Amino acid sequence: MRKLFGTDGIRGVANNYPMNIEIAMQVGRAIAFIVKDKVKGHRIVIGKDTRISGYMIENALAAGICSMGVDVLLVGPLPTPGIAFITTSMRADAGVVISASHNPFQDNGIKIFSSDGFKLPDEVEAHIEDLIFSDKMAALRPVADEVGKATRIDDARGRYIVFLKNTFPKDYTLDGFHIVLDCANGATYGVAPWVFRELGAKVTPLAITPDGKNINHQCGALHPEIMAAKVKEVGADIGLALDGDGDRLIVADEHGQIVDGDHIMAICAEDLLRRRKL
358 MRKLFGTDGI RGVANNYPMN IEIAMQVGRA IAFIVKDKVK GHRIVIGKDT
408 RISGYMIENA LAAGICSMGV DVLLVGPLPT PGIAFITTSM RADAGVVISA
458 SHNPFQDNGI KIFSSDGFKL PDEVEAHIED LIFSDKMAAL RPVADEVGKA
508 TRIDDARGRY IVFLKNTFPK DYTLDGFHIV LDCANGATYG VAPWVFRELG
558 AKVTPLAITP DGKNINHQCG ALHPEIMAAK VKEVGADIGL ALDGDGDRLI
608 VADEHGQIVD GDHIMAICAE DLLRRRKL
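Okay, so the sequence shown: first residue is 358 according to this note's numbering, each after it adds one.
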């Protein structure tokens, strides 16, 4: 059987196989075919990062899903963890992320979450591949009022911001704390600065003007030296550099020294151990 899914969904150059609109539409049809086996209402969330090709792939996915009689909830640019959150909070059957994470803008990808907000099991991805490369879906063609509809969820970003703020301890504040924040011209540009500001921090933002082509370009977690230099320049307390879809983080301390992912995990582990939650 032909294979589409890698270790982190489907990826490739946008508008080339396998990231062309034909496959995207078939992926949408296959996801909808699977969720229609469930008894609850059928809704699938679609979110994306800021790549220029995201709108094209979003439309193809949505068309495929709606053609199978399943509704689509469009949340627009939102970090990957935010799309997982919206999927669970809106009781959707599945969530789809259109992103190629830290890759350049020419690439794009499709990653699918189940209703619990976690990545699909390998066997479900294999089922999707089987459906796409067989004729098992051909007979299912809803017509008239049986087709699905697409709805834009305008407050998805606001919902996620509220959720993130609620994870912060109630007895703590970031008042007087200065953060340099590099959003990589990606999906966090409309979320991360607001979260930290509303928690009281002073934010010096970098790379928050996406144009569809500048995601991850000389910015973000792939180029943390830019954020680190800005920390030293403005005398910030900390620097944070995210990647294009907001699931990768590099930190710099108040001296502009870069703290990588392994070090961050060790710091978090020490904190959990101290609070007896590890």
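The beta-carbon is built from N, C-alpha and C at its ideal position, and this holds for glycine as well. All values derive from a computational prediction rather than experimental measurement.
Residue pairing of Leu538 in beta bridges, as defined by DSSP: Pro562, Leu597. Under the three-pair Cβ rule at 8 Å, the region 556–573 counts as touching the region 462–472. Per DSSP, Asn523 is one residue of the alpha helix (DSSP H) stretching across 513–523. With contacts defined by Cβ atoms closer than 7 Å, Val591 and Gly613 do not form a contacting pair. Assignment of Arg400 by DSSP, reduced to helix, strand and coil, places it in the strand class. Assignment of Ala585 by DSSP, reduced to helix, strand and coil, places it in the helix class. Scanning Leu630, Asp628, Arg632, Ser458 for the CA closest to the CA of Pro436 turns up Ser458.
In this structure, the straight-line span from the alpha carbon of Leu361 to that of Val504 is close to 27 Å. Its Cα nearest to that of Ser472, the residue Val392 stands out among Met382, Val392, Leu599, Asn377. Exclusion of the five residues before and after Ala417 leaves Ile378, Ala381, Met382 as the residues of its chain whose Cβ lies within less than 6 Å of its Cβ. A distance of 7 Å or more separates the beta carbons of Gly452 and Val519. Burial is judged here by how many other beta carbons sit within 10 angstroms of a residue's own beta carbon; Asn542 has at least 16 and is buried.
The three-state reading of DSSP puts Leu531 in coil, since its state is none of H, G, I, E or B. Only exposed fits Tyr529, as fewer than 16 other CB atoms lie within 10 angstroms of its CB.
By alpha-carbon distance to Asp450, the top candidate from Val432, Ile467, Asp428, Ser456 is Asp428.
Contact annotation: Ala578 and Ala598 have beta-carbon atoms nearer than 7 Å.
In chain order, Gln383, Ala387 place their CB closer than 6 Å to the CB of Ile489, counting only its own chain and leaving out the 5 sequence neighbours on each side. Inclusion of Gly533 and Asp406 in the CB contact set at 7 Å is not warranted, their separation being larger than that value. DSSP places Leu629 in the uninterrupted alpha helix (DSSP H) bounded by 618–631.
Residue range 464–471 is occupied by the beta strand (DSSP E) that includes Asn465. In this structure, the beta-carbon distance from Gly426 to Pro499 falls below 7 Å.
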